[in-house]
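One structure is given below, encoded as structure tokens.
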Amino acid sequence: MATTLVGLRSQSMTRDEEGHRTYNLSWLLRTDSHLDGPETVLQTVNLLFPVGSAYALDNDYDPWAFCTPDMSISVHQDLEEGEPCQHWIVTNKFTTKPMFRCNTVQIDNPLLEP
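If you use my numbering, the sequence shown corresponds to residues 388 to 501, in order.
Rendered as structure tokens:
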């Protein structure tokens, strides 16, 4: 029930018309049991890249881009049908675009602001 980060598979960056940058990182992870599923992989990724952490990869650093809750986990594509799965592809999203937040509730005490 352990998951290991094997390494980075791919990375990309896009910039929209407002100048916001979005980074997508795809990672290869390996579980030690074919009985482990995406939930086990998700727990490992949440430890490696917690939501809200800054984009920092080797010499690449963007202090304004943060990890969003958006994530995709899929079986490694080199697997044949019916074969037990131990390799997973995880894609994380980092962006400088502010997340939607409901502003209808007025908060008087700044310490109570989420």
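We treat Cβ as the ideally placed atom computed from N, Cα and C, and that holds for glycine. For clarity, every value in this text was computed on a predicted model and none was experimentally measured.
Taking Cβ to Cβ, would you say residue i is nearer than 8 angstroms to residue j?
| i | j | result |
| --- | --- | --- |
| L416 | V438 | no |
| L412 | L429 | no |
| T409 | T482 | yes |
| P418 | Q473 | Per the sequence presented here, residue 418 reads as Thr, with Pro not at that position. Yes, these two residues count as a Cβ contact at 8 angstroms. |
In angstroms with no decimal places, state the Cα-to-Cα distance between residue i and residue j.
| i | j | result |
| --- | --- | --- |
| S459 | I476 | 8 angstroms |
| L422 | A389 | 11 angstroms |
| D495 | E470 | 57 angstroms |
| N433 | M400 | 21 angstroms |
| D445 | C454 | 16 angstroms |
| T478 | P497 | 34 angstroms |
| A443 | L435 | 12 angstroms |
| S420 | T391 | 11 angstroms |
| S440 | S397 | 19 angstroms |
| K468 | W414 | A small correction: the amino acid at residue 468 is Glu; Lys does not occupy that position in the sequence shown. C-alpha separation (whole angstroms): 22 angstroms. |
| D465 | Q493 | 51 angstroms |
Among the options, which residue has its Cα nearest to the Cα of residue i?
| i | options | result |
| --- | --- | --- |
| K374 | E404, S420, D449 and P425 | For the chain, the structure presents residues 388 to 501; residue 374 sits outside this window and is missing. |
| P425 | E467, P456, F436 and V462 | V462 |
| P485 | Q464, Q493 and H407 | H407 |
Count the other CB atoms, across all protein chains shown, that sit within 10 Å of the CB of residue i; report buried if there are 16 or more and exposed otherwise.
| i | result |
| --- | --- |
| F487 | exposed |
| W451 | exposed |
Counting along the chain, where does the alpha helix (DSSP H) carrying residue i start and finish?
| i | result |
| --- | --- |
| Q430 | P425 to L435 |
Which residues bound the beta strand (DSSP E) around residue i?
| i | result |
| --- | --- |
| I460 | D447 to V462 |
| L392 | T390 to R402 |
| K484 | Run containing K484: none; DSSP gives neither H nor E here. |
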